[in-house]
Amino acid sequence: MDERRLELKVGALVLATVVGVIALLWLMGELTLGSEAGLAVDFGHTGNVVEGAPVKLGGVQVGRVQAIRLLPERRDSQGRPMPVRMDLAVAPEALGALRKDARVTVATVGILGEPYLELNPGSAQHPLGAGEAVRGTDAPRLDLLAEQLSRFVEMLSAMLEKDPEAVTELAANVSRLTKTLDRMLTENEGDVKVLASELAAASKDLRQLAGYARESFQPGGKGARLLEDAAATAAVMRSELPGLTKSAGTTLDSLAAVTGALGPEDGQRVKVALERFTNAAGQLEGIAARADRVLAKIEGGEGTAGAVLQDPTLYNELRTLVTDLRKHPWKVLWKD
Numbered sequence: 001m002d003e004r005r006l007e008l009k010v011g012a013l014v015l016a017t018v019v020g021v022i023a024l025l026w027l028m029g030e031l032t033l034g035s036e037a038g039l040a041v042d043f044g045h046t047g048n049v050v051e052g053a054p055v056k057l058g059g060v061q062v063g064r065v066q067a068i069r070l071l072p073e074r075r076d077s078q079g080r081p082m083p084v085r086m087d088l089a090v091a092p093e094a095l096g097a098l099r100k101d102a103r104v105t106v107a108t109v110g111i112l113g114e115p116y117l118e119l120n121p122g123s124a125q126h127p128l129g130a131g132e133a134v135r136g137t138d139a140p141r142l143d144l145l146a147e148q149l150s151r152f153v154e155m156l157s158a159m160l161e162k163d164p165e166a167v168t169e170l171a172a173n174v175s176r177l178t179k180t181l182d183r184m185l186t187e188n189e190g191d192v193k194v195l196a197s198e199l200a201a202a203s204k205d206l207r208q209l210a211g212y213a214r215e216s217f218q219p220g221g222k223g224a225r226l227l228e229d230a231a232a233t234a235a236v237m238r239s240e241l242p243g244l245t246k247s248a249g250t251t252l253d254s255l256a257a258v259t260g261a262l263g264p265e266d267g268q269r270v271k272v273a274l275e276r277f278t279n280a281a282g283q284l285e286g287i288a289a290r291a292d293r294v295l296a297k298i299e300g301g302e303g304t305a306g307a308v309l310q311d312p313t314l315y316n317e318l319r320t321l322v323t324d325l326r327k328h329p330w331k332v333l334w335k336d
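Shown next, in the form of C-alpha cells:
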C-alpha cells in the first residue's frame with residue numbers, strides 16, 4: 001500500500017514537471033499552438049541575434065528565429081557582403097501584412113536587453129511575394145564605431161606630435177571667428193531680425209505657392225486642365241501636321257511648276273503689271289482723299305450741298321418747290 005502511494009506521488013511529480021516544462025517553453029516562444037509560415041531575411045551581420053530570438057510586429061511577438069545560416073560568398077547588388085540568412089517562423093496573418101517595401105530591423109529590449117527582430121510591414125501597394133527574401137537592416141556595430149573612434153584619436157595624436165602649434169593656431173582661429181560672428185550679430189541685430197522675418201514670410205509664401213500648385217495639378221484643377229489641353233493640342237498637331245505638310249508641299253510644287261514655265265519676257269510683263277497696279281492704287285488713294293475733303297466741306301456747311309444739308313429752311317423751301325412743281329408742272333414754262 002505504501003509502495004502504491006509512493007508510485008502515485010512520483011508519477012504526479014513527473015507529470016507536473018513535464019507540464020511545467022511545456023508551459024515554460026510556450027511562454028518563451030519555443031512552442032506555438034497555431035501554424036507558422038516561413039520568411040527569409042538577409043543580413044550583413046547577425047547583430048547578436050541567436051536562434052530562437054523573438055520576432056515582433058508592432059511590439060507584439062508573432063514568431064521566432066528558426067535558423068541562422070552562413071553564406072560566405074554571397075553579396076548584394078551593390079557588391080557588399082551579405083553572408084547571413086535568417087529563417088523566421090511567423091504567424092500567417094503577420095506574414096500576410098508585409099508589403100513589397102517591408103523592413104526587418106534588429107532591436108533590443110532596453111539598452112542592454114535581449115536582441116530581437118522587429119517587422120515593419122511597409123506601405124507599398126503590392127504584398128510581399130511568396131518565398132521572397134527581405135533585406136534586413138543591420139544593427140549598429142559598436143566594434144566598428146570603436147575602431148573608427150580609435151583611428152580618429154590616433155590621427156589627432158599624430159597631428160599633435162607632428163605640429164603642436166597648428167592645433168593651437170586652429171583653436172585661436174576658431175576663437176577669433178566666434179568673436180567676430182558674435183560682434184557682427186550684436187551690431188546687426190535689427191537687420192538679422194528683419195532678415196529672419198523676411199525669410200519666414202518667404203517660406204510662408206512658398207508653402208502657399210506649393211499648396212496652390214498642388215491643388216492646381218489635382219484632377220480637375222487649372223494646371224491639370226492646361227496639361228490636358230496641351231496634350232490634346234499636341235495630339236491634334238501630330239494627326240494634322242502630316243496632312244498640312246503634304247498640302248504645303250503640293251502647293252509649293254504647283255507654284256514652282258507655274259513659275260518655272262514663265263520666261264524672262266513674262267517676268268517683265270508681270271513687273272509692268274505690278275507697277276500699274278501700284279500706280280492705280282495711288283490714284284485711288286488720291287481720289288479717296290479728295291472725296292474725304294469734299295464730304296468734310298459738305299458736313300461743315302460749305303457750298304450749296306452743304307447749305308442744303310445744314311440749313312433746314314433752305315431744305316424746306318426746296319421741298320415746297322418740288323411739291324408745287326409736281327402739282328403745277330406748267331409753271332416750268334410760264335408764270336402765273
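Just so you know, the UniProt record's numbering puts 181 at position 181 of the sequence shown, and the rest follows in order with no gaps.
Every residue, glycine too, gets a C-beta built ideally from N, C-alpha and C.
From the DSSP output, in three-state form, read off residue i for me.
{"i": "M159", "result": "helix"}
{"i": "L98", "result": "coil"}
{"i": "G211", "result": "helix"}
{"i": "N48", "result": "coil"}
{"i": "N115", "result": "Strictly speaking, residue 115 in this sequence is Pro, with Asn absent from that position. It is a strand residue."}
{"i": "D138", "result": "coil"}
{"i": "A91", "result": "coil"}
{"i": "P121", "result": "coil"}
{"i": "P127", "result": "strand"}
For the alpha helix (DSSP H) that contains residue i, what are its first and last residues?
{"i": "Q218", "result": "Neither: Q218 is in no alpha helix (DSSP H) and is coded neither H nor E."}
{"i": "M184", "result": "P164 to E187"}
Locate the beta strand (DSSP E) running through residue i, then write down its first and last residues.
{"i": "G63", "result": "V60 to L70"}
{"i": "D76", "result": "Neither: D76 is in no beta strand (DSSP E) and is coded neither H nor E."}
{"i": "T105", "result": "R103 to T108"}
{"i": "L57", "result": "P54 to L57"}
{"i": "A40", "result": "A37 to F43"}
For residue i, count neighbouring Cβ atoms within 10 angstroms of its own Cβ and tell me buried if that reaches 16, exposed if not.
{"i": "A288", "result": "exposed"}
{"i": "V192", "result": "exposed"}
{"i": "L226", "result": "exposed"}
{"i": "L181", "result": "exposed"}
{"i": "L98", "result": "buried"}
{"i": "L15", "result": "exposed"}
{"i": "V10", "result": "exposed"}
{"i": "M237", "result": "exposed"}
{"i": "V272", "result": "exposed"}
{"i": "L128", "result": "buried"}
{"i": "V62", "result": "buried"}
Measure how close the beta-carbons of residue i and residue j come, nearest whole angstrom, since I'm counting them as under 8 Å.
{"i": "R64", "j": "A53", "result": "7 Å"}
{"i": "E36", "j": "A89", "result": "4 Å"}
{"i": "D138", "j": "G47", "result": "6 Å"}
{"i": "V109", "j": "V41", "result": "About 19 Å; that fails the 8 Å criterion."}
{"i": "Y116", "j": "V55", "result": "7 Å"}
{"i": "L160", "j": "V153", "result": "The pair is not a contact, with the Cβ atoms about 11 Å apart (cut-off 8 Å)."}
{"i": "G44", "j": "M82", "result": "6 Å"}
{"i": "A102", "j": "V134", "result": "6 Å"}
{"i": "G131", "j": "K100", "result": "Rounded, the Cβ-Cβ distance is 14 Å, inconsistent with contact."}
{"i": "A107", "j": "D87", "result": "Contact flag wrong, Cβ pair sits at about 19 Å."}
{"i": "L71", "j": "R85", "result": "6 Å"}
{"i": "E215", "j": "G221", "result": "6 Å"}
For residue i, which of the options has the nearest alpha-carbon?
{"i": "P92", "options": "G44, P83 and L57", "result": "L57"}
{"i": "G136", "options": "N188, D76 and A281", "result": "D76"}
{"i": "E118", "options": "H126, M155 and G59", "result": "G59"}
{"i": "V50", "options": "E285, Q208, E114 and L177", "result": "E114"}
Shorter than 7 Å from the beta carbon of residue i to some beta carbon of chain C?
{"i": "G282", "result": "The question asks about chain C, but that chain is absent: this structure has only one protein chain."}
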